[in-house]
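Take a look at the structure below.
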Amino acid sequence: MNTPEECPNPDEALARARAARAKMAAALNEDQEPEPDEPLGWQPIWKRPRKPKSKAAKKAELRKQRKRLQDAGKRRLAAAQSRRPRSRQNRIGNAAARRDARALSRVRHSTAWLR
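To convert, count from 1 in the sequence shown and add 321; that's our numbering.
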């Protein structure tokens, strides 16, 4: 439990807070946006003011992007073209499976069911 000596008088606390108000306001304003004409020190990139790009710079960037995307498309097409089906020998691993495949092939290609 607090003793009366430890408890500050509310009027005194209010007076101290009012006296410190100007100091607190100055500290808060210190971190705000600087004036546009005052020189800036080093700032991280996300805090720097944005500079609009010129039309030529924008077009050059788009040209680079288009070229990059076209090259990627060509690479993708070349990769798809290079995938060819493997030979039957590779697909059918062991001899028994190969024999089964041969028998199935004979049945498939036979004209027995036409008679």
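Glycine included, every Cβ here is placed at the ideal spot set by N, Cα and C.
Three-state secondary structure (DSSP) of residue i
{"i": "Q364", "result": "coil"}
{"i": "P331", "result": "helix"}
{"i": "N350", "result": "helix"}
{"i": "R369", "result": "coil"}
{"i": "S375", "result": "coil"}
{"i": "I413", "result": "Unreliable placement is indicated for I413, whose pLDDT of 47 sits below 50; the coordinate value is still reported in the next sentence. Looking at I413 - three-state DSSP - the assignment turns out to be coil, as it is neither helix nor strand."}
{"i": "R404", "result": "coil"}
{"i": "S431", "result": "coil"}
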